[in-house]
Amino acid sequence: MIKKFDKKDEESGSGSNPFQHLEKSAVLQEARIFNETPINPRRCLHILTKIIYLLNQGEHFGTMEATEAFFAMTRLFQSNDQTLRRMCYLTIKEMANISEDVIIVTSSLTKDMTGKEDVYRGPAIRALCRITDTTMLQAIERYMKQAIVDKVPSVSSSALVSSLHMVKMSYDVVKRWVNEAQEAASSDNIMVQYHALGLLYHLRKNDRLAVSKMLNKFTKSGLKSPFAYCMLIRIASKLLEETEAGHDSPLFDFIESCLRNKHEMVVYEAASAIVHMPNCTARELAPAVSVLQLFCSSPKAALRYAAVRTLNKVAMKHPSAVTACNLDLENLITDSNRSIATLAITTLLKTGSESSVDRLMKQISSFVSEISDEFKVVVVQAISALCQKYPRKHSVMMNFLSNMLRDDGGFEYKRAIVDCIISIIEENPESKETGLAHLCEFIEDCEHTVLATKILHLLGKEGPRTPSPSKYIRFIFNRVVLESEAVRAAAVSALAKFGAQNDDLLPSVLVLMQRCMMDSDDEVRDRATFYMNVLQQKQKALNAAYIFNGENTHCAPSLNLRALVCVDISGPIQEVRLCLSVSSVPLANTPITEQKTEFAPVATSKLPEKPGPTRQDIYQEQLAAIPEFQGLGSLFKTSEAVQLTEAETEYVVRCVKHTFARHMVFQFDCTNTLNDQLLQKVMVQMEPSEAYEVLHYVPAANLPYSQPGSCYSLVRLPEDDPTAVSCTFSCTLKYLVKDCDPNTGEPDDDGYDDEYVLEDLEVTVADHIQKVLKPNFAAAWDEVGGDFEKEETFALASVRTLDEAVGNIISFLGMQPCERSDKVPENKNSHILFLAGVFRGGHDVLVRSRLALADGVTMQVTVRSSDETVVDIILASVG
-12 MIKKFDKKDE ESGSGSNPFQ HLEKSAVLQE ARIFNETPIN PRRCLHILTK
38 IIYLLNQGEH FGTMEATEAF FAMTRLFQSN DQTLRRMCYL TIKEMANISE
88 DVIIVTSSLT KDMTGKEDVY RGPAIRALCR ITDTTMLQAI ERYMKQAIVD
138 KVPSVSSSAL VSSLHMVKMS YDVVKRWVNE AQEAASSDNI MVQYHALGLL
188 YHLRKNDRLA VSKMLNKFTK SGLKSPFAYC MLIRIASKLL EETEAGHDSP
238 LFDFIESCLR NKHEMVVYEA ASAIVHMPNC TARELAPAVS VLQLFCSSPK
288 AALRYAAVRT LNKVAMKHPS AVTACNLDLE NLITDSNRSI ATLAITTLLK
338 TGSESSVDRL MKQISSFVSE ISDEFKVVVV QAISALCQKY PRKHSVMMNF
388 LSNMLRDDGG FEYKRAIVDC IISIIEENPE SKETGLAHLC EFIEDCEHTV
438 LATKILHLLG KEGPRTPSPS KYIRFIFNRV VLESEAVRAA AVSALAKFGA
488 QNDDLLPSVL VLMQRCMMDS DDEVRDRATF YMNVLQQKQK ALNAAYIFNG
538 ENTHCAPSLN LRALVCVDIS GPIQEVRLCL SVSSVPLANT PITEQKTEFA
588 PVATSKLPEK PGPTRQDIYQ EQLAAIPEFQ GLGSLFKTSE AVQLTEAETE
638 YVVRCVKHTF ARHMVFQFDC TNTLNDQLLQ KVMVQMEPSE AYEVLHYVPA
688 ANLPYSQPGS CYSLVRLPED DPTAVSCTFS CTLKYLVKDC DPNTGEPDDD
738 GYDDEYVLED LEVTVADHIQ KVLKPNFAAA WDEVGGDFEK EETFALASVR
788 TLDEAVGNII SFLGMQPCER SDKVPENKNS HILFLAGVFR GGHDVLVRSR
838 LALADGVTMQ VTVRSSDETV VDIILASVG
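Under this note's numbering, residues -12 to 866 are what the sequence shown spells out, in order.
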């Protein structure tokens, strides 16, 4: 008697997998019974099941093992048991790639394929096509053509699907079966019609005109198969995207007409296709959204899930288009399927009004503990987006997020919440203290090192600027006492920032630093010792250089802090910088290189992998190899490439500008697109509009067809008028032309001089400034000092928004925005932009730009630098 397990028994594990402890050797030993006479179908069936199970579990069968088992299995064709025969077909397909001489069963499969037993014919076709190669395909071509138009649907479908698999192997042979596939496409069977359409499309998909004709034919004649309709919709959508046809196209009309199809899957496919089309307006989305709205109230859970999932995607780009569905979505919040409820609530968070936020938060809290972490992350991301939309509701969302932080969850879930709270703090200054308090509570029990160090970094950055910074000290020092080495090191860095920015807290911080100097970890001790020496000097410039904006000294493990703390830092700041070998603050997007000191290196385990060469390093090496450029010094900045010709012209030229201390090198990358010409002595003649002086040209010796080459121009920067940093060059490509044979590339002996006028090339102030990141702009501002500070006011008449003004200023000056000041809050009439950079020659330059929106934008620019000339250059270029 067979025992039947109910669902509860299966879940409790009493119905465990009977094959989980199989051993390959034992199964292969059992397979010997295939050779016994008479054949026992029941036992053989069980052994074949075991073999297929092992193969699907990834068990490796050697070629010899698989071949022996396969040959033994071929004897089972003598049995007429239907179940055993079909299991043989499955095993043949699974072992086709690992057994040798599988082709010996071809005659048996061909016999079954053409026999009278319909139950054998379809599976036999699939197995036969799995083992057939290109040499044998023509031998079965006649049988395949007959099978495609067979009256038995299972046989026809098997032949069509097998043909689709063989398209990759022998496209030309399968292409000859198009007429049969077209006949099958008119079948009354929905699967045959679907498979026939799939084969026809894959045979024609590389011919856009043929696909268009096929679509035109089937959209007019109509189809019975809903699966075929879904495929037609996908093909039409792809063709619309490739041809960039508008929504007036007949293909779009066809997709829209499918919204009225009687089959739900076709209606959903059409709606999904419309909402995923690029550049769709809210009006064009309306019919699809209406259909999805109806699906939201469907009794079928699959339809409800599909509808709300698609509406969720629509809400990301067109929240207003989904607003009409809000009532239906609210009804789904209490859906028994928690996946549907989660998607409904996140969609509402994207489309709901400010007045509905409180109600939505209460509804979320009722079920959020019941859903998986994956869906919780989706909810958190939706809350983050909603907080940006309605910043005044940050307190409600912050409380909800803090409750979620206390719940159990994995790393990704906790990280999403922490990132969300941090973004709220950065976007809403009034939420800073509340958010920091929640994060402080979280790190008391945080088991994730990455999150703890991230929060400590935020506390060090934002905590000292709060009205009561002392209340955060306890939470930070607790990390030094209780946590791992990495967290303790981050806590020491955070403590140093409190001491550097708050004189009242400095004595307490120094006491705590002394305790940290006795830590068991060398990294923690080194940081504490270094910061202790810096803080004791009580110099703002030192604090700014090595605590606030000196991320390279306390975050990069490659630095030898033992060496740094041995240096006397009581002298002037300039001397200290020289001693520490960190005078060059790492530039934006530039990897920090290993420090070379005369002291013993840090333990090998502390050193990171050596970073690869940057783009600028590669250019520096290339330029240094050219004799004319060897005395220019180190390369200061390399610009992005500028196109000086259209892409379709006979000569393609682009320029890369390399800036040095007193010179600029212009690298012209040229490509000759004419196959009947060879260019020689290629150079770009430059005529400057300002006091720039062209010193030397380095031509490209040869420029064959389609082989890029480079020529160079060396220009001296003006010394008499250092503020003249901007210049426009008129450029002309000059070369010697030799006609050549397009086939062999052999040039004529004689040539003639020719030239080609290029676009003008501009040098702007951005080409002289390298970006540098200042995490604490106020400290950097104090560090530079007000000795060389100037201020002017300008009117940006042609600019209409603050966003546009900020983008233009950053692009024009080529400096790094600091403290997220490049993000302009919504509905604001004023904004402050902080920019930092290093001017050619190594001079720090900071810009504070106050922007006010009136009839245009008014801009008050304040510039500070370590060199007065740099200040004049910035203001002159802006004016």
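All C-beta atoms in this analysis are idealised placements derived from N, C-alpha and C, irrespective of residue type, glycine included.
| query | result |
| --- | --- |
| Using the C-alpha atoms, what's the distance from LEU392 back to ALA369? | 16 Å |
| Out of ALA439, CYS407, THR453 and GLU399, which has the shortest C-alpha to C-alpha gap to GLU420? | THR453 |
| Using C-beta distances below 8 Å, list every residue in its chain close to LEU364, excluding the 5 sequence neighbours before and after it, in chain order. | The sequence given here places Val at residue 364; Leu does not occur at that position. For VAL364, where only same-chain residues beyond five positions count, the Cβ hits under 8 Å are GLU399, TYR400 and ALA403. |
| Please give the ranges of any beta strand (DSSP E) in the region 749 to 822, keeping only runs that are unbroken, at least 3 residues long and fully inside the region. | 756 to 758 and 776 to 783 |
| State buried or exposed for GLY45, treating a residue as buried only when at least 16 other CB atoms are found within 10 Å of its CB. | exposed |
| Are the beta-carbon atoms of CYS714 and GLU677 separated by less than 7 Å? | yes |
| If you count every other CB in all the chains shown that lies within 10 Å of the CB of GLU637, and 16 or more means buried, which is it? | exposed |
| Is the CB-CB distance between MET504 and ARG512 below 7 Å? | yes |
| Tell me whether the beta-carbon of HIS645 lies closer than 7 Å to the beta-carbon of VAL712. | no |
| Considering only their Cβ atoms, is the gap separating ALA766 from ALA483 smaller than 7 Å? | no |
| Measuring straight from C-alpha to C-alpha, what distance separates PRO709 and ALA687? | 32 Å |
| Looking at TRP164 and LYS200, is the spacing between their C-beta atoms short of 7 Å? | no |
| Determine, using beta carbons only, whether SER808 and ALA839 come nearer to each other than 7 Å. | no |
| Using the beta-carbon count (16 or more within 10 Å), is GLU167 buried or exposed? | buried |
| As a quick exercise: from LEU820, ALA171 and LEU833, pick the residue whose alpha carbon is nearest that of GLU776. | LEU833 |
| Is DSSP giving ASP604 helix, strand or coil here? | helix |
| Identify which residue in ASP740, ILE118 and SER145 has its Cα closest to the Cα of ILE79. | ILE118 |
| Given a cut-off of 7 Å, decide if PRO110 and ARG62 are closer than it, judged by their beta-carbon atoms. | no |
| Return the first residue and the last residue of the alpha helix (DSSP H) that HIS381 is part of. | 381 to 393 |
| Note down, one range per segment and in chain order, each alpha helix (DSSP H) of at least 4 residues found wholly within the region 107 to 178. | 121 to 124, 128 to 135, 140 to 153, 158 to 162 and 165 to 171 |
| Within its chain, find whatever has a CB closer than 7 Å to the CB of CYS116; leave out the 5 residues flanking it on each side and keep chain order. | SER149, HIS152 and MET153 |
| Near PRO675, which residues of its chain fall below 6 Å by C-beta distance, leaving aside the five closest residues on each side in sequence? | CYS714 and PHE716 |
| Can you tell which of VAL142, ILE332 and MET303 has the C-alpha that lies nearest to the C-alpha of LEU316? | ILE332 |
| Which same chain residues end up closer than 7 Å to VAL301 when comparing Cβ atoms and leaving out the 5 residues on each side of it in sequence? | VAL262, LEU272, VAL276, ALA308 and VAL309 |
| Note down, in chain order, each residue of its chain lying with its Cβ closer than 8 Å to the Cβ of PRO762, except the 5 sequence neighbours on either side. | LYS448, PHE535, ASN536, GLU538, CYS805 and GLU806 |
| Classify GLY772: buried if its beta carbon has 16 or more other beta carbons within 10 angstroms, exposed otherwise. | exposed |
| With DSSP run on the structure shown, which of helix, strand or coil describes GLY558? | For GLY558, the pLDDT reaches just 48, beneath the cut-off of 50, and the residue's location in the model is therefore unreliable, although a value from the coordinates is still provided. Looking at GLY558 - three-state DSSP - the assignment turns out to be coil, as it is neither helix nor strand. |
| Select from GLY732, MET673, GLU778 and GLU779 the residue whose C-alpha is nearest the C-alpha of LEU745. | MET673 |
| Here's the rule: buried if 16 or more other CB atoms are within 10 angstroms of the residue's CB, otherwise exposed. What is LEU800? | buried |
| Under 8 Å by Cβ, that's how I've got ASN124 and SER157 pegged, so tell me the actual separation to the nearest angstrom. | The residue you asked about is not Asn; residue 124 is Leu in the sequence shown. The pair is a contact, with the Cβ atoms about 5 Å apart (cut-off 8 Å). |
| Figure out for me which residue from VAL844, LEU789 and LYS815 has the closest Cα to the Cα of PHE781. | VAL844 |
| Name the residue from ASP740, PHE57, ASN193 and HIS189 whose alpha carbon lies nearest to the alpha carbon of LEU720. | ASP740 |
| For PHE214, tell me which candidate among MET802, GLN180 and PHE21 has the shortest Cα-Cα distance. | GLN180 |
| With MET348 as the anchor, note down where its alpha helix (DSSP H) starts and where it stops. | 344 to 352 |
| Out of curiosity, what's the CA-to-CA distance linking LEU32 and THR70? | 8 Å |
| Given that a residue counts as buried once 16 or more other Cβ atoms are within 10 Å of its Cβ, and exposed if not, what is GLY732? | exposed |
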